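This note's numbering numbers the first residue of the sequence shown as 1010 and each following residue consecutively. To keep things clear, I will list the structure first and then write my remarks on it.
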Amino acid sequence: MTVNDVFPWRTLPAVQQPEYPDQDALHGVLTELASYPPLVFAGECDQLRDRLAAVARGEAFVLQGGDCAEAFDGVSAEHIRNKLKTLLQMAVVLTYAAKVPVVKIGRIAGQYSKPRSKNVETRDGVTLPVYRGDSVNGFEFTEESRVPDPERLKRMYHASASTLNLVRAFTTGGYADLRQVHAWNQDFVRNSPAGQRYERLAKEIDNALAFMNACGVDPEEFRTVEFYSSHEALLLDYETALTRTDSRTGKLYDVSGHMVWIGERTRQLDHAHVEFARNIRNPIGVKLGPTTSADDALTLIDKLDPEREPGRLTFITRMGAGRIRDVLPGLVEKVTATGAQVAWICDPMHGNTFEATSGHKTRRFDDVLDEVKGFFEVHRALGTHPGGVHMELTGDDVTECIGGGDEVFVDDLHQRYETACDPRLNRSQSLDLAFLVAEMYRSQS
Ligand code: PEP
Ligand code: CO
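Right, dumping it as structure tokens:
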């Protein structure tokens, strides 16, 4: 048996892969990576599949969020804690206000690789290879930094490991205890309209907890949070090095993250990314953009979820606010008619990006909101379940997206524009959105 029998996707074409100048160096790195310990356990991936099965059945809601591109220099306690705080606050808002169990998944601890629409970037007449994420090359616009360097794959592994270690400590070591709901609201966000609204909600939760406590109820579930990692499985060399056979089941798992997704640019039906996802047991996401045909969606189901197993496959739709109401109904109808029980998640970010007059790549909060609204309308009309949201966000007070209750204006964009790739909602905007999504959820159920 050869390695290509175990990893059959290796013989198929794959787009968006870096071209390394030194193949020997690449192979050395991949051999080393293959000997590293897993970042997640197969059993945890199975557990997330169970949670997503509840989403596919209409019983739970997914909150998936984090950076567009994580950066190596963002691996600090402060950054990670801020991101986690944002997600925890959003999850509390959704759980409390929408009264629905929330499956929490970070775009975190592995989201270092970016598909790009162009191979090169030109500035002031100088053309260099495009930045493909910290896992591939450097953001800095110099010839040296833009050369793909396989050593970066090891750095991605270590950055993912230390991020996940801190996330696990935060979510199980007391920080995510529900009695901390107020603590997550400290700092800049507290004085924003969303922060003040959150404060009132946290007070209600406090009261409820005090009441339960007085009744002698103190459930273990309030002390820790179940939190999962996810990223786009873009660099197949890296993902393959971290794909292992689980000793319990004999099945392959990609142990670089709990859930991995295939991006809009790499979901060609007969290419390596789909074949890779077909062969691993992790829960799989696939991004579906506005040009997705129903036939493509059905073939993806046949390939990735032949058993029609709820929780196995999540479709993450990213249509754009202007298209979702036209494009999504046909897809949902045809998929539902096949008997497949996929989870439907709305990514309201990637169909709503544009260049501001200032030259910044940005998104309008109102477009993001409108796409989520369209998503709810479509699912409500068809009697299907709007299963969750997929957001690009950060815990820091950045100015990358326009709008929100604590409004960011076009002229503010330059103040704290820090993303290495797409613009992210800041914490106030993220919280705003959580309240609005909770209202939509409640009004439809
Ligand atoms: C992303 O999620 O950052 C991304 C590139 O998305 P998409 O594949 O939907 O364009
Ligand atoms: Co993005």
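Think of the CB as a built atom: it goes at the ideal place given N, C-alpha and C, for glycine as much as any other residue. On a predicted model such as this, the values are computed, not experimentally measured, just so you know.
Task: Pair within 7 angstroms by beta-carbon distance, Gly1404 and Gln1438 - done: No, the pair does not count as a contact, with Cβ atoms beyond the cut-off.
- [ ] Determine, using beta carbons only, whether Ala1352 and Leu1103 come nearer to each other than 7 angstroms.
- [x] Pairing Ala1352 with Leu1103 gives a Cβ-Cβ distance that is not under 7 angstroms.
Task: 8 angstroms contact criterion, which Pro1157 and Gln1025 should meet: CB distance rounded - done: No, Pro1157 and Gln1025 are not in contact; Cβ-Cβ is about 12 angstroms, not under 8 angstroms.
Open item on the list: Suppose only complete runs of 3+ residues qualify. What are the beta strand (DSSP E) ranges in the region 1346 to 1370, listed by chain order?
Closed with: Runs of the beta strand (DSSP E) inside the region 1346 to 1370: 1352 to 1355.
Task: Beta-carbon contacts of Trp1193 that lie in its chain and below 6 angstroms, excluding the five residues immediately before and after - done: Cβ within range, chain order: Lys1094, Leu1097 and Gln1098.
Task: Within 5 angstroms of the ligand CO: residues by beta-carbon to any heavy atom - done: Taking each Cβ in turn, the ones that pass are Cys1077 and Asp1431.
- [ ] Rounded to whole angstroms, what's the CA-CA distance from Glu1427 to Leu1378? Just pull it up for me.
- [x] Their backbone Cα atoms lie some 22 angstroms apart in a straight line.
- [ ] Give a single yes or no on whether Glu1079 has its beta carbon closer than 6 angstroms to a heavy atom of the ligand PEP.
- [x] Glu1079 Cβ: outside cutoff for every heavy atom of the ligand PEP.
TODO: Would you kindly check if the distance between the Cβ of Leu1297 and the Cβ of Thr1275 is under 7 angstroms?
DONE: Cβ atoms of Thr1275 and Leu1297: not closer than 7 angstroms.
Open item on the list: Please report the distance separating the alpha-carbon of Asp1375 from that of Met1328.
Closed with: Put simply, the backbone Cα of Asp1375 is about 15 angstroms away from that of Met1328.
TODO: Return the first residue and the last residue of the beta strand (DSSP E) that Gln1205 is part of.
DONE: Note, Gln1205: premise wrong, no beta strand (DSSP E); alpha helix (DSSP H) at Pro1202 to Ala1223.
Open item on the list: Using CA atoms only, rank isn't needed, just tell me which of Arg1425, Gly1396, Val1336 and Arg1433 is closest to Gln1453.
Closed with: If we check each option's Cα against that of Gln1453, Gly1396 comes out closest.
Open item on the list: According to DSSP, simplified to helix, strand and coil, what is Lys1113?
Closed with: In the three-state scheme derived from DSSP, where H, G and I count as helix and E and B as strand, Lys1113 is classed as strand.
TODO: Report yes if the C-beta distance between Gly1074 and Leu1402 is below 7 angstroms; otherwise report no.
DONE: Cβ distance < 7 angstroms, so Gly1074 and Leu1402 count as in contact.
Task: Any non-hydrogen atom of the ligand PEP within 6 angstroms of Gly1348 CB - done: Distance from the C-beta of Gly1348 to the nearest heavy atom of the ligand PEP is not below 6 angstroms.
Open item on the list: Gly1272 and Phe1239 - do their beta-carbons sit closer together than 7 angstroms?
Closed with: According to the sequence as given, residue 1239 is Ser; it is not Phe. With respect to Gly1272, Ser1239 sits apart: the two C-beta atoms are not nearer than 7 angstroms.
TODO: Identify whether Ala1036 lies in helix, strand or coil by the three-state DSSP scheme.
DONE: First, the amino acid is wrong: residue 1036 is His here, not Ala. DSSP places His1036 in helix when its eight states are reduced to three.
- [ ] Starting from Ser1238, follow the beta strand (DSSP E) in both directions and report where the run begins and ends.
- [x] Segment Phe1236 to Glu1241, the beta strand (DSSP E) holding Ser1238.
Task: Assigned secondary structure, Pro1157 (DSSP; H/G/I helix, E/B strand, else coil) - done: Looking at Pro1157 - three-state DSSP - the assignment turns out to be coil, as it is neither helix nor strand.
Open item on the list: Along the chain, where does the alpha helix (DSSP H) containing Asp1263 start, and where does it finish?
Closed with: Asp1263 -> not in any alpha helix (DSSP H); beta strand (DSSP E) instead, spanning Leu1261 to Asp1263.
Task: Option nearest Arg1155 by Cα separation, candidates Thr1131, Ile1354 and Gln1056 - done: Comparing Cα-Cα distances from Arg1155 to each of Thr1131, Ile1354 and Gln1056, the minimum goes to Thr1131.
TODO: Alpha carbon to alpha carbon, how far is Glu1213 from Phe1150? Give it in angstroms, no decimals.
DONE: Spanning the two alpha carbons is a distance of roughly 50 angstroms.
Task: Supposed contact pair Ala1390 and Leu1340 - C-beta distance, whole angstroms, cut 8 angstroms - done: The beta-carbon separation of Leu1340 and Ala1390, rounded to 13 angstroms, does not stay under the 8 angstroms limit for a contact.
Task: Neighbourhood of Asp1263 by C-beta, 7 angstroms cutoff - its chain only, sequence neighbours within 5 removed - done: Same-chain partners within the cutoff: Ala1242, Glu1248, Leu1251, Thr1252, Val1269, Ile1289 and Asn1291.
Task: Cα-Cα separation between Phe969 and His1359, rounded to whole angstroms - done: Lying outside 1010 to 1454, the shown extent of the chain, residue 969 is not represented and no answer is given.
Task: Residue of Pro1138, Gly1119 and Gly1115 minimising C-alpha distance to Ser991 - done: Nothing in the structure corresponds to residue 991, since the chain is present only between 1010 and 1454.
TODO: Report the three-state DSSP secondary structure of Glu1316 (helix, strand or coil).
DONE: Three-state DSSP puts Glu1316 in coil, outside helix and strand.
Task: Contact between the region 1039 to 1054 and the region 1302 to 1319 (3+ Cβ pairs under 8 angstroms) - done: No, because fewer than three Cβ pairs between the region 1039 to 1054 and the region 1302 to 1319 fall closer than 8 angstroms, the two stretches do not touch.
- [ ] Would you mind working out which of Ala1349, Arg1060 and Pro1046 sits nearest Asp1255, comparing C-alpha positions?
- [x] Of Ala1349, Arg1060 and Pro1046, the residue nearest in Cα terms is Pro1046.
Task: Proximity to Tyr1207 [Cα-Cα], best of Leu1162, Arg1321, Gln1189 and Thr1300 - done: Among Leu1162, Arg1321, Gln1189 and Thr1300, the Cα nearest to that of Tyr1207 belongs to Gln1189.
Task: Distance cut-off 6 angstroms: Lys1092 Cβ against heavy atoms of the ligand PEP - done: Lys1092 Cβ: outside cutoff for every heavy atom of the ligand PEP.
TODO: Count the other C-beta atoms from every protein chain shown that fall within 10 angstroms of the C-beta of Met989, then say buried if there are 16 or more, exposed otherwise.
DONE: This structure cannot speak to residue 989, because the chain is shown only from 1010 to 1454.
TODO: To the nearest angstrom, report how far apart Ala1106 and Val1446 are at their CA atoms.
DONE: Distance between the alpha carbons of Ala1106 and Val1446: 9 angstroms.
Task: Cβ-Cβ distance between Leu1422 and His1369 below 7 angstroms - done: Cβ atoms of Leu1422 and His1369: closer than 7 angstroms.
- [ ] Output the distance between the C-alpha atoms of Glu1448 and Leu1187, rounded to the nearest integer angstrom.
- [x] Distance between Glu1448 and Leu1187, taken at the CA atoms: about 22 angstroms.
Task: Endpoints, alpha helix (DSSP H) assigned at Glu1386 - done: For Glu1386, the enclosing alpha helix (DSSP H) begins and ends at Phe1374 to Leu1391.
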